[in-house]
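Quick notes on the structure that follows.
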Amino acid sequence: MTIQNKVSTGNTLGKIIYLLAGVALFVSGCVGIPDKTRQLKTKDVTLEYHDKQNDRDIDSIDLQHPFSISQETVETQIMSIFYEHMALVSDKENVFNKVQLPNLSRLLTKALNHAKPNQFISFEVKGDGGNTTGDLFAANGKLHWRLNRINGEGFTRKAWARNEQRWRLAPRPGQKFYVKKLLMEREIHNWIISSLDLQTPRSAKSKKRRIKSRQKPSTQQAAPSRAPASTSRAKELELERKLGILNGLKSKGLIDNDEFERRRKALLDQYF
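As numbered in full-length UniProt numbering, residues 1 to 272 make up the sequence shown, in order.
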């Protein structure tokens, strides 16, 4: 073999070794790169899976995933999540609305049924008043709902005093606040634990009306014609009272103009 052939053979062998080394580095690099966050998405709803080790509070809980649950049960859960404003005396409101329900319930059902044992689910739902964000996971046969932002309003987790919270969740029968144990037990007002056997709010109201109608004496069946007017006047007085409170908060500088207009519109929509 000539010197030229030896050099050519050596160059070829060197290229092969270099190529194999590059492939090995590429493969090892791919193994070291974590999988991208698994995501489910529609036009107005985005869901992501996250490793519970990235959240100190959730990491201490044994997650029950994947969690077998029907879309009908998830829909009931969604429409059973209520909240209330802390700075304004107001009725409890649904966190989610009926327009958001179909996509949100479908994606959450899929996510719960396919989540890994070490994963919790975060969600973001677009709304006219702002986005709603939070986390969801199952443990001990119940669902944990932790809301971080409702209609664009954030919840301050470091708020220890009541007046530092802009809102809090409002548990219904079958629900309770998550209790965090540090030096003493403390309820976390943006985190509720919800049983699966909840009644939908509409069903509960219908049942209450049926019970009242059965208990109502027959002599009262003919209601006075003035009743609707009285009810309407009562609503007007209640609206005036709440608007007065809202104006007081604005004049004291406790809320800005944007917040004032948003809440005033919410009250008017509620009563009209």
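We treat Cβ as the ideally placed atom computed from N, Cα and C, and that holds for glycine.
A138 (DSSP reduced to helix, strand or coil): Stepping through the sequence shown from its first residue, residue 138 is reached at position 138. Looking at A138 - three-state DSSP - the assignment turns out to be strand.
Proximal residues to D62 (C-beta, below 7 angstroms), its chain only, five neighbours per side dropped: Within the sequence shown, the letter at position 62 stands for residue 62. A139.
Between the CA atoms of L143 and Q175 - distance to the nearest angstrom: Numbered from 1 along the sequence shown, position 175 holds the residue referred to as residue 175. Numbered from 1 along the sequence shown, position 143 holds the residue referred to as residue 143. Spanning the two alpha carbons is a distance of roughly 10 angstroms.
Candidates G152, V45, R56, of which the one nearest L101 by Cα: By one-based count along the sequence shown, residue 101 stands at place 101. Nearest C-alpha to L101: V45.
Where F96 sits in the DSSP three-state scheme: In the sequence shown, residue 96 corresponds to position 96, counting from 1. Of the three classes helix, strand and coil, the one that applies to F96 here is coil, per DSSP.
First and last residue of the uninterrupted beta strand (DSSP E) at L169: One-based indexing of the sequence shown puts residue 169 at position 169. Counting along the chain, the beta strand (DSSP E) containing L169 begins and ends at 167 to 169.
Outcome for M79 when other beta-carbon atoms lying within 10 angstroms are tallied against a minimum of 16: Counting from 1 along the sequence shown, the entry for residue 79 is found at position 79. It counts as buried.
L182 burial status per 10 Å Cβ neighbour count (16 or more: buried): Here residue 182 corresponds to residue number 182 of the sequence shown, with the count starting at 1. Per the 10 Å Cβ criterion, exposed.
Stretch pair the segment 105 to 117 + the segment 70 to 77: three plus CB contacts closer than 8 angstroms: yes
Given R106 as reference, the closest of E75, L136, F82 once Cα atoms are compared: In the sequence shown, residue 106 corresponds to position 106, counting from 1. Answer by Cα proximity: E75.
Contacts around T133, its chain only, beta-carbon distance under 8 angstroms, and the 5 residues preceding and following it disregarded: In the sequence shown, the residue the question calls residue 133 occupies position 133. S122, F123, E124, V125, L147, N148, R149, listed in sequence order.
Own chain partners of N103 with C-beta closer than 6 angstroms, once the 5 adjacent residues on each side are dropped: Your numbering for residue 103 matches position 103 in the sequence shown. Only T42, V45 meet the Cβ criterion.
Rounded Cβ spacing between N118 and G152 (contact assumed at less than 8 angstroms): In the sequence shown, counting from the first residue as 1, residue 118 sits at position 118. In the sequence shown, counting from the first residue as 1, residue 152 sits at position 152. The pair is not a contact, with the Cβ atoms about 31 angstroms apart (cut-off 8 angstroms).
Selected residue, minimal CA-CA separation from R168, among Y178, H85, H50: One-based indexing of the sequence shown puts residue 168 at position 168. It is H85 whose Cα lies nearest to the Cα of R168.
Assigned secondary structure, K180 (DSSP; H/G/I helix, E/B strand, else coil): Taking the sequence shown and counting its residues from 1, the one referred to as residue 180 is at position 180. Note: K180 maps to strand in three-state DSSP.
Residue environment, S251, which counts as buried when at least 16 other CB atoms sit within 10 Å: By one-based count along the sequence shown, residue 251 stands at place 251. Result: exposed.
8 angstroms Cβ cutoff met for W137 and I58: Within the sequence shown, residue 137 is the residue found at index 137, counting from 1. Within the sequence shown, residue 58 is the residue found at index 58, counting from 1. According to the sequence provided, residue 137 is Phe. The question's Trp does not apply to it. It is a contact, given that the beta carbons lie within the stated cut-off.
With 16 other Cβ atoms within 10 Å as the buried cut-off, status of N190: Taking the first residue of the sequence shown as position 1, residue 190 is located at position 190. Label assigned to N190: buried.
Where I245 falls: helix, strand or coil (DSSP): Locating residue 245 in the sequence shown gives position 245, counting from the first residue. Helix at I245.
Residue interval of the alpha helix (DSSP H) (run including K110): Within the sequence shown, numbered from 1, the residue matching residue 110 stands at position 110. Counting along the chain, the alpha helix (DSSP H) containing K110 begins and ends at 101 to 114.
Distance, H114 Cα to F260 Cα: Reading the sequence shown from its first residue, position 260 is the one you call residue 260. Reading the sequence shown from its first residue, position 114 is the one you call residue 114. Rounded to the nearest angstrom, the two C-alpha atoms are 42 angstroms apart.
Residue(s) in a DSSP beta bridge with K43: Start at 1 with the first residue of the sequence shown, and residue 43 comes out as number 43. Answer is none; K43 lacks a bridge partner.
Cβ-based burial, residue 276 [other Cβ within 10 Å; buried from 16]: Since the first residue shown for the chain is 1 and the last is 272, residue 276 is missing from the structure and cannot be characterised.
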